[in-house]
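Here the sequence shown is numbered in our numbering, starting from 34 and rising by one per residue. C-beta: ideal position from N, C-alpha, C; glycine also. Here's the structure we're looking at; comments come further down.
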Amino acid sequence: MNTDAEIRRVLFAQPIFSGVDPGIVEAFAARCRMNIYPAGTLLLKQGQRGDVLMLLVSGAVHFRCQLGARSTTLAILREPTLFSLGAIIEKTGAMADAFALDSVQVVSVDGVVVRELMLADARFATNLAVQLSGNVRGFVQSAVEQKLLTGPKRLANFLAQEFERQGQTTEIELPFQRQVIASLLGMTPENLSRAFDVLERHGVRNDRVRVAVESIDDLVAFGKG
Numbered sequence: 034m035n036t037d038a039e040i041r042r043v044l045f046a047q048p049i050f051s052g053v054d055p056g057i058v059e060a061f062a063a064r065c066r067m068n069i070y071p072a073g074t075l076l077l078k079q080g081q082r083g084d085v086l087m088l089l090v091s092g093a094v095h096f097r098c099q100l101g102a103r104s105t106t107l108a109i110l111r112e113p114t115l116f117s118l119g120a121i122i123e124k125t126g127a128m129a130d131a132f133a134l135d136s137v138q139v140v141s142v143d144g145v146v147v148r149e150l151m152l153a154d155a156r157f158a159t160n161l162a163v164q165l166s167g168n169v170r171g172f173v174q175s176a177v178e179q180k181l182l183t184g185p186k187r188l189a190n191f192l193a194q195e196f197e198r199q200g201q202t203t204e205i206e207l208p209f210q211r212q213v214i215a216s217l218l219g220m221t222p223e224n225l226s227r228a229f230d231v232l233e234r235h236g237v238r239n240d241r242v243r244v245a246v247e248s249i250d251d252l253v254a255f256g257k258g
């Protein structure tokens, strides 16, 4: 694989470079690097300033935040997207640990390169603002669901999104271990099992690894109700 060509391909597909002069993107790409990390690799450490912007190309990244002896999952990224953006703009430490859930491919660039381009190109700076706004809205939506929806409804919404992601309507394979899913949804593993029991009464069958539904429309409706 031509790594330089792959980096350019990945960057040109990113919304943050929409409308940015191709020559500027090419120069930016020349200062990036691409790496593959095995599952379990710590990519970011909570509180530690790394000053590196990362773009997930493939694989899954698990964000966990710890306070004392307790920890929780903030998010799991799976599609190509930026992370550590806020930290490199503000030049602060990472808000959470970021682990590779499986083998991940990541493009990274020093924060100073990003900040230089923000000052030099207004379109790029605007695109970054839009990206940050979307990140905030996503976290707010997640917080609203955890505060206002019951565990079974949160699980129903997660499963409905996963059916859509996998392009299926009757059966899917769970993307993560149940303990990870429970933490992502703000539950204990025991409460996740109870939530599956509730969904069973609404046509959902689960054998711990796979999930089948009698009606995806009913699952979606239950999550919204």
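Mind checking residue i: buried by the 16 CB within 10 Å criterion, or exposed?
i: F157; result: buried
i: G144; result: buried
i: D250; result: exposed
i: G52; result: exposed
i: D54; result: exposed
i: S136; result: exposed
i: T268; result: Given a span of 34 to 258 for the chain in the structure shown, any question on residue 268 remains unanswerable.
i: A38; result: exposed
i: S166; result: exposed
i: I69; result: exposed
i: L86; result: buried
i: G73; result: exposed
Looking at the strands, I want to know which residues DSSP matches up with residue i.
i: F61; result: Answer is none; F61 lacks a bridge partner.
i: A131; result: L77 and F96
i: N141; result: Per the sequence shown, residue 141 should be read as Ser rather than Asn. According to DSSP, which records beta bridges pairwise, S141 is partnered with R66 and M87.
i: A108; result: F96
i: F116; result: M87
i: R103; result: L100
Give me the Cβ distance between residue i and residue j, rounded to the nearest whole Å; I'm assuming they're in contact under 8 Å.
i: Q81; j: Q99; result: Actually they do not touch by this definition, with Cβ atoms about 13 Å apart.
i: I214; j: F191; result: 7 Å
i: K186; j: F132; result: No, K186 and F132 are not in contact; Cβ-Cβ is about 28 Å, not under 8 Å.
i: L152; j: I49; result: Wrong, their Cβ atoms sit about 15 Å apart, outside the cutoff.
i: A93; j: L134; result: 4 Å
i: V146; j: R64; result: 5 Å
Closest to residue i by C-alpha separation, out of the options, would be which residue?
i: R41; options: S175, I49 and V58; result: V58
i: N224; options: Q194, L44, L188 and E247; result: L188
i: K257; options: E178, F61 and F45; result: E178
i: E112; options: H95, I121, S216 and V90; result: V90
i: L15; options: S104, A62, L232 and R211; result: Outside the shown range of the chain (34 to 258) lies residue 15, about which nothing can therefore be said.
i: G171; options: D130, A127, L110 and S104; result: L110
i: F116; options: S248, T105, R103 and G83; result: G83
i: A262; options: L150, D230 and F96; result: No answer is possible for residue 262: the residues shown for the chain start at 34 and end at 258.
i: F229; options: G184, F45 and A120; result: G184
i: A46; options: R64, V140 and L75; result: V140
i: E197; options: L77, L107, T105 and L252; result: L252
i: F209; options: G56, M67, L118 and R241; result: R241
Any heavy atom of the ligand HEM closer than 7 Å to the Cβ of residue i?
i: L165; result: The ligand HEM is not part of the structure shown, which contains no ligands of any sort.
Let me know the beta strand (DSSP E) ranges lying completely inside the segment 180-258, each 3 residues or longer, listed in chain order.
Those beta strand (DSSP E) runs which fall completely within the segment 180-258 and span 3+ residues are 204-206, 237-239 and 243-246.
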